[in-house]
Amino acid sequence: MSSTVAPPCQKVHWASSPDWGLWLENTVALTGDEVDKVFADRPVLSFPHGGPQLAIVEESAGLLRAVGRYRPDSVPVRMEVRAGECLTRLLIPADEPQAVRWADYAARVFFASRMLADGWRMLHASAIALDGTAVLFLADQEGGKSTLAHRACVELGAGFLADDLVLISAEGMVVGWPTRIAVPAELVRNADETSGLMPAIGQRRRVAFTPVEHRSVSGIEYSPPVPLGALVCIQSDQSATDPLRASVLAGCSRESFVVTAADVPAQHLFVSDLVGLMGGPRSGSGGEPVAGTETSWQVPAVLLTVGDMAGFARAPVWEVLAPLLSEFGER
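Per numbering that gives the first Met the number 0, residue 0 is the first one in the sequence shown, and the count goes up by one each step.
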């Protein structure tokens, strides 16, 4: 469990009873006929893109029983939620390591559903920590966020926060959210021998790691939550005469990047407690954002215009950013 939310969050000793308990037990796997009957005869919550499925077996006051498949071909797991005891039991078939992914899912639902309901925002962004503050890289899909996060950790000694998603509070505290890490193949040693090599997108190849794999293979240090220090918004412009150009980003343009990065309904769905699995708010978005959240982040913002995306993995990015952001000054 600690690998799901740590080291981004510190381990603490509870001064009182925890708010909720997650209990894992080994059990006998359901047979194929039992599984087919459960999912044929019961209401089913299905996530998009071949994601988790939950069949509700029983729901009454204070009690929820369900069967879940993490993927359509995964071994099913029984679940039991006892609201009065603030307890969720996962009954996992023995010798089925993939089934334990439900514990990872439940932990994410617990933390994210409550943080989103409390006004935190989820952003599609990568993030690193430099000098005790976070730098967020915002861009469109395949826009260079992961490249900059990886390069900053390797070349500048930055702490790693997130590759794809962050949670950020109204006051600007940044928490890296655990997802798989997709590093450009040209930045990974022996990428062709790596089992995590992903299909090429356009001209790019990437290698995917779980957070645990990423920490062990890369040797990169992960950072705990830190306050936001700067935003770097990346745009590609093939008509640009310079391979790289940086300029100060005005308030309204910065808001546009942040609003786009916050438009992640599928991610909200995956971390929302839609059926009360972990006793969280039953909402598809986790709660409404605090009004004026983005405008309260009074930090420098820079627009990085990339004219040559093919050479971005080796471009002198830090030299271009340094005159506008002190975090990237001489180190």
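Positions of the beta carbon are idealized from the N, C-alpha and C atoms, including for glycine.
On a predicted model such as this, the values are computed, not experimentally measured, just so you know.
{"query": "Euclidean distance between Cα positions of ALA102 and LEU89", "result": "8 Å"}
{"query": "Nearest-angstrom Cα separation, counted from ARG113 out to ARG81", "result": "18 Å"}
{"query": "Residue environment, GLY158, which counts as buried when at least 16 other CB atoms sit within 10 Å", "result": "buried"}
{"query": "Cβ neighbours of ARG100 in the same chain (closer than 7 Å, five flanking residues each side left out)", "result": "TYR69"}
{"query": "Candidates ILE180, VAL270, GLY20, GLY156: closest to LYS144 by CA position", "result": "ILE180"}
{"query": "CA-to-CA distance, HIS48 to PRO198, given in whole angstroms", "result": "Only weak support is given to the placement of PRO198: the predicted model assigns it a pLDDT of 47, under 50, and the value that follows is read from those uncertain coordinates. Each residue's Cα considered, the two are about 17 Å apart."}
{"query": "Status (buried if at least 16 other CB within 10 Å, exposed otherwise) for TRP119", "result": "buried"}
{"query": "Coil, strand or helix - TYR104 by DSSP", "result": "helix"}
{"query": "Touching by the beta-carbon criterion (3+ pairs, under 8 Å), the segment 226-234 and the segment 164-177", "result": "yes"}
{"query": "Whole runs of the beta strand (DSSP E) within the segment 205-240, excluding any shorter than 3 residues", "result": "205-208, 225-235"}
{"query": "PRO71 and ILE55 closer than 8 Å at C-beta", "result": "no"}
{"query": "Coarse secondary structure for VAL298, derived from DSSP in three states", "result": "coil"}
{"query": "Nonlocal neighbours in the same chain, by C-beta distance under 7 Å from ARG77, ignoring five residues either side", "result": "THR26, VAL66, LEU90"}
{"query": "Distance, ALA116 Cα to SER246 Cα", "result": "35 Å"}
{"query": "Length-filtered (4 minimum) alpha helix (DSSP H) runs lying within the segment 94-156", "result": "100-116, 144-155"}
{"query": "Any chain C beta carbon closer than 8 Å to ARG100", "result": "Here there is only one protein chain, and chain C is not present."}
{"query": "Beta-carbon proximity check, THR87 vs LEU21, cutoff 8 Å", "result": "yes"}
{"query": "Per-residue DSSP class, three states only, for GLU254", "result": "helix"}
{"query": "Bridge partner(s) assigned by DSSP for LEU243", "result": "VAL305"}
{"query": "Of the listed residues LEU324, ILE233, VAL316, nearest to ALA151 (C-alpha basis)", "result": "VAL316"}
{"query": "Counterpart residues of MET277 in DSSP-defined beta bridges", "result": "Answer is none; MET277 lacks a bridge partner."}
{"query": "Alpha-carbon spacing of GLU95 relative to LEU23, whole angstroms", "result": "13 Å"}
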